[in-house]
Amino acid sequence: MQSNYYEKSRNEKSRNMENPFKFGTIVEEEYFTDRVEEVAYIKTFIQSANHLVLISPRRFGKSSVVAKAVKESKRKHIIVNLQQATSISDLSAKILKEFFKINPMGRVRHLITHFRFIPTVSTNPLTGSLDVSFQPVADETILLEDVMTLIEKTYSEKERLVIVFDEFQEIRDIAHNLDRQLRSIMQQQKHVNYILLGSQESMMTDIFEKKKSPFYHFGELMRLGKLPREDFHHYLSERLATVFEEKHNAIADEILDYTGCHPYYSQQLAANVWQMKALQPQCEVNVAAAVNRIILSHGLDYERLWINFNRTNRWILQRLASGKPLQSGEYRTSTIYSALKRLQKDGYVIYSDHYEMEDPFFREWIRQNNR
Ligand SMILES: Nc1ncnc2c1ncn2[C@@H]1O[C@H](COP(=O)(O)OP(=O)(O)O)[C@@H](O)[C@H]1O
Ligand SMILES: [Mg+2]
């Protein structure tokens, strides 16, 4: 089923066209595809008083799907990425900054007077946005408590705020015991729905499924898979049709075969194929050439990563890259297993129904270099 959406622009000068594929950041609007059920599920979920935990490997589309769902739900929400928080004080300031975006300061000033440490709030003359920070204090948890109390006072059981903490697994790195402290603050709150997103599979399951963890059974656990092939194929194919008159369907298939429908890498590969064709409409452009182009541009990074792997990890990655079985007697099963767990935690390996390398281009680089 091919729509005509992009057909008409094919004859326009594609050189001047913007690349119709997007990767690296949150995708929305026309760049966002499928996830219909997931968006619907998240939307109904946040109408309840429960919390949601969303887990997938990196770059599967967690941030995008949640951004879409909370936006469509029309609920007041704030999104804070824990990867960008350097301390509890910084995290508190970031939450407060997001809070001010939806609650102009004039209306909540009287509530801030209750803060034990008054934040510094200034307007950035370059961007026009608010900068929020706290002076250094001995016990930073107080800052977090005050910010959360402000939120609790501003909202009600009838109108709860949705707080999204992205890259939640970072909670353990920001400060010692922060998970425990945050959990006990959340325990007091009745006016907030939390959506916690995380990659690094094993660490997220540790946080939510280990009995000793303060977040044990905190909320409903939801997992996000890769994009369904049929829909993603349609998405790629109709955009490729702006530069490929005939082969767009076949190329979309080739891309998805190569990436296994991985959302990010499929978009990256499609963007490269599209770009090459747009620049040289006369030339034969194929997927293999685009793959090589990507590998070439990342060669130095791959080299650097490779040097830093120990011998066991190198061996495992080679086996995965070439599709050979890991149980060959060369390493003990327990050694392989614990190395795989570490590689998975660091994001190099993902597990769905089998272990595979996360990055198909790195995989290709390893194959090509026959290491
Ligand atoms: N629903 C989607 N439709 C199209 N592309 C998507 C979708 N979800 C993810 N992607 C692709 O994957 C990339 C990473 O998405 P993102 O939401 O940042 O993932 P995560 O938060 O899981 O790391 C996006 O930049 C985009 O290229
Ligand atoms: Mg994300």
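According to the numbering used here, the sequence shown is numbered sequentially starting from 906.
Quick reminder that beta carbons are idealized off the backbone N, C-alpha and C, glycines included.
Because the structure is a prediction, the values reported are computed rather than measured.
- Taking C-beta atoms as the reference points, valine 1042 and leucine 1066 fail to come closer than 8 Å.
- Beta-carbon to beta-carbon, arginine 1198 and methionine 1181 are separated by about 7 Å, close enough to satisfy the 8 Å threshold.
- The count of Cβ pairs closer than 8 Å, one atom from the segment 969 to 981 and one from the segment 991 to 998, stays below three, leaving the stretches out of contact.
- For serine 978, the enclosing alpha helix (DSSP H) covers residues 967 to 978.
- Between glutamate 1114 and glutamine 1249, the C-beta gap is not smaller than 8 Å, which leaves the two residues out of contact.
- Its chain contains Asp1051 as the residues whose beta carbon lies nearer than 7 Å to that of phenylalanine 1020, once the 5 sequence neighbours on both sides are disregarded; these appear in chain order.
- Contact between leucine 1145 and histidine 1153 holds, with the beta-carbon distance rounding to 4 Å and staying under 8 Å.
- In this structure leucine 1101 is buried. Its beta-carbon is surrounded by 16 or more other beta-carbon atoms within 10 angstroms.
- With respect to the 8 Å criterion, valine 1069 and histidine 982 are classified as neighbours on the basis of their beta carbons.
- For leucine 1066, no alpha helix (DSSP H) run applies; the uninterrupted beta strand (DSSP E) run containing it begins and ends at 1066 to 1071, by DSSP.
- Under the DSSP definition of a beta bridge, serine 1027 partners with Asp1036.
- Three or more Cβ pairs closer than 8 Å define a contact, and the segment 1176 to 1196 falls short of that threshold against the segment 932 to 945.
- Set against 7 Å, the gap from the CB of proline 1133 to the closest heavy atom of ligand 1 is not smaller.
- DSSP places histidine 1153 in the helix class (H, G or I) of the three-state scheme.
- In this structure, tyrosine 1236 places its C-beta atom within 8 Å of the C-beta atom of tryptophan 1220.
- In the structure shown, the three-state DSSP call for methionine 1010 is helix.
- Distances from the CB of serine 978 to the heavy atoms of ligand 2 are all 7 Å or more.
- DSSP places asparagine 955 outside both helix and strand once states are collapsed to three, so it counts as coil.
- Checking the 7 Å criterion, the Cβ of arginine 1144 is out of range of every heavy atom belonging to ligand 1.
- Runs of the alpha helix (DSSP H) lying entirely within the segment 1083 to 1151, each at least 4 residues long, are 1083 to 1093, 1106 to 1114 and 1134 to 1145 in chain order.
- Under DSSP, isoleucine 1017 takes part in no beta bridge, so it has no partner.
- For serine 1142, the CB contacts under 6 Å within the same chain, skipping 5 residues up- and downstream, are His1153, Asn1154 and Ala1157 in chain order.
- Its Cα nearest to that of glutamate 1151, the residue Val1190 stands out among Gly1228, Leu1129, Gly1124 and Val1190.
- Applying a distance threshold of 6 Å between residue Cβ atoms and the heavy atoms of ligand 2 selects Lys967, Ser968 and Asp1071, given in chain order.
- Here isoleucine 951 has Leu957, Ala974, Val975, Ser978, Arg980, Val1067, Asn1098 and Ile1100 as same chain residues with Cβ atoms under 8 Å from its own Cβ, once five neighbours each way along the sequence are excluded.
- Looking at the backbone, the Cα of serine 1061 and that of leucine 1031 are separated by about 35 Å.
- For isoleucine 984, the CB contacts under 6 Å within the same chain, skipping 5 residues up- and downstream, are Val1069 in chain order.
- Within the same chain, Asn924 and Phe926 come within 6 Å of alanine 1176 by CB-CB distance, once the 5 residues on both sides are set aside.
- Within the segment 1149 to 1212, the runs of alpha helix (DSSP H) that reach at least 4 residues and sit entirely inside it are, in chain order, 1153 to 1164 and 1168 to 1184.
- Inclusion of leucine 1245 and leucine 1129 in the CB contact set at 8 Å is not warranted, their separation being larger than that value.
- Taking every protein chain shown into account, the CB of serine 1239 has fewer than 16 other CB atoms within 10 angstroms, so this residue is exposed.
- In this structure, ligand 1 has a non-hydrogen atom nearer than 7 Å to the beta-carbon of lysine 927.
- For glutamate 1261, the uninterrupted beta strand (DSSP E) run begins and ends at 1260 to 1262, by DSSP.
- Here the C-alpha atom of glutamine 1185 lies approximately 42 Å from the C-alpha atom of asparagine 1215.
- Its Cα nearest to that of threonine 1059, the residue Ile1007 stands out among Gly1204, Ala990 and Ile1007.
- With a cut-off of 7 Å, the C-beta of serine 1104 is classified as near ligand 1, since at least one heavy atom of the ligand falls inside that distance.
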